[in-house]
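Its first residue numbered 1, the sequence shown is counted upward by one per residue in this note's numbering.
Step one of this worksheet: look at the structure below.
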Amino acid sequence: MSQVFKQPLVQFLLGGLALFLLLSFVGTEAEEDDGNIVVTEAALLTFLQFQDKAFDEAQAKALFDALDEQARERLVNEYVRDEIMVREAYSLGIDENDDVIRQRLIQKMDFLFQGFAQALPAPTEAEQRAFYEKYSGRYEQPAVATFTHVFLNARSRPDGQARADAAKVLAQLKSENIPFEEAGRFGDRFFFLRNYVERSEQLIKDHFGPEMTAEIFAAAPDSTWSGPFTSKYGQHLVMLRARTDARQLTFEEAQAQVLDDLLIERRNDVRREAYEERAKNYSVDASALGSN
């Protein structure tokens, strides 16, 4: 991605940026001298691109040419209204020392820079596969488990009583062959869930702590009652119905997410490099701050 700005297409776009800024800002000031608003096709194409947040002049031209008379008139009216409002704001000095306006200008420049990424060819499958290999750790199916549990609250019992009660309840669950669906008849109300169906290892860890989670994922999913297991809340009797270990997604399984991530990275890289190219035109003097 660091070679993006060596591509002829992007170099052309960078040159276009300078011309775009000149026409958009300097040209506008010239038109304001006599109070007239000159509506040109070039101005409307620029206006369309800002509306769509997509800086592709050819696409904007095609859209403009496809407008019927009424749609074109609406576009002109919108442009004129915006132009009048902007000129009036400038005449009142509203733009001076206004951080909100500064932020809006920064956002506009970001939109311009992001437009470069949209002009680049779509990532090839080879590029997507290379990205997948580079960031393979992102594309993992987490371990999941399906289980129910009976909770014995240690906070509402004397010390040690919760574990003793859990042993008695476990014996009852086993002797009566209590099924998964009837676990709610026993124990105390838990702070989170009673039934965990295809829940991720991370969520289970958040609810029960790492030690109990490790015990659950080490147990055999044989749909029998086991325990007691200890969490910071008390004792738990668990029926584990199913468990699936974490696994790496194949490229084909992850391709949609890979493409999204690659486009995001490309957009961020292009925006950063576009800024760095423009920053070369400036020098910074912070000497007035002194030194500590």
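We treat Cβ as the ideally placed atom computed from N, Cα and C, and that holds for glycine.
Quick check: the Cα distance between A130 and E277, rounded to an integer number of angstroms?
For the purposes of this step, residue 130 is taken as residue 130 along the sequence shown, with counting starting at 1. For the purposes of this step, residue 277 is taken as residue 277 along the sequence shown, with counting starting at 1. Each residue's Cα considered, the two are about 27 Å apart.
Closest to G209 by CA distance: which of S231, A220, Q70 and E125 is it?
Taking the first residue of the sequence shown as position 1, residue 209 is located at position 209. The candidate whose alpha carbon is nearest that of G209 is S231.
What separation, rounded to the nearest whole angstrom, lies between the Cα atoms of E176 and E182?
Along the sequence shown, read from residue 1 onward, the residue named residue 176 stands at position 176. Along the sequence shown, read from residue 1 onward, the residue named residue 182 stands at position 182. So the two alpha carbons sit approximately 11 Å from each other.
Quick one: what does DSSP say G184 is sitting in, helix, strand or coil?
What you label residue 184 is simply residue 184 of the sequence shown in a count that begins at 1. The answer is helix: DSSP assigns G184 an H, G or I state.
With distance defined between alpha-carbon atoms, name the residue in P228, S223, G227 and L259 nearest to S242.
One-based indexing of the sequence shown puts residue 242 at position 242. Sequence check: residue 242 is Ala here, not Ser. When each option's Cα is compared against that of A242, the closest is S223.
Taking three-plus beta-carbon pairs below 8 Å as touching, is the segment 266-285 in contact with the segment 245-252?
These segments do not touch.
May I ask you to list the residues that DSSP assigns as paired with E140?
For this step, residue 140 is matched to residue 140 along the sequence shown. Bridge partners of E140: Q248.
Tell me whether the beta-carbon of H149 lies closer than 8 Å to the beta-carbon of L237.
Position 149 of the sequence shown, counting from 1, holds the residue named residue 149. Position 237 of the sequence shown, counting from 1, holds the residue named residue 237. A contact, by the Cβ cut-off of 8 Å.
Report yes if the C-beta distance between G234 and R155 is below 8 Å; otherwise report no.
Working through the sequence shown from its first residue, we reach residue 234 at position 234. Working through the sequence shown from its first residue, we reach residue 155 at position 155. Against a cut-off of 8 Å, the Cβ pair of R155 and G234 comes out as a contact.
Alpha carbon to alpha carbon, how far is D245 from P142? Give it in angstroms, no decimals.
Taking the first residue of the sequence shown as position 1, residue 142 is located at position 142. Taking the first residue of the sequence shown as position 1, residue 245 is located at position 245. Using only the alpha carbons, I get a separation of about 7 Å.
Provide the residue span of the alpha helix (DSSP H) that contains N195, from first to last.
Taking the first residue of the sequence shown as 1, we reach residue 195 at position 195. That residue, N195, is in no alpha helix (DSSP H); its beta strand (DSSP E) goes N195 to S200.
Mind checking which residues open and close the alpha helix (DSSP H) that includes G115?
Taking the sequence shown and counting its residues from 1, the one referred to as residue 115 is at position 115. Residues D99 to A119.
Indicate the three-state DSSP secondary structure (helix, strand or coil) for G27 in the structure shown.
Reading the sequence shown from its first residue, position 27 is the one you call residue 27. Its pLDDT being 44, under 50, G27 is placed unreliably in this model, and the coordinates cannot settle the point.
Looking at the unbroken alpha helix (DSSP H) that takes in T213, where does it start and where does it end?
In the sequence shown, the residue the question calls residue 213 occupies position 213. Where T213 is concerned, the enclosing alpha helix (DSSP H) stretches over P210 to A218.
Are three or more beta carbon pairs between the segment 75-87 and the segment 108-115 nearer than 8 Å?
Output reads no: the segment 108-115 does not touch the segment 75-87.
Below 8 Å on the Cβ atoms is my contact criterion, and I expect L152 with D165 to pass it. Report the Cβ-Cβ distance as a whole number of Å.
Position 152 of the sequence shown, counting from 1, holds the residue named residue 152. Position 165 of the sequence shown, counting from 1, holds the residue named residue 165. So it is a contact: roughly 5 Å between Cβ atoms.
On the three-state DSSP scale, how would you describe A162?
Walking along the sequence shown from the start, residue 162 turns up at place 162. Note: A162 maps to helix in three-state DSSP.
Skipping 5 residues on each side, what residues in its chain have a beta carbon closer than 7 Å to that of D95?
Position 95 of the sequence shown, counted from the start, is the residue given in the question as residue 95. Counting only Cβ-Cβ distances below 7 Å, and skipping sequence neighbours, we find A89 and I101.
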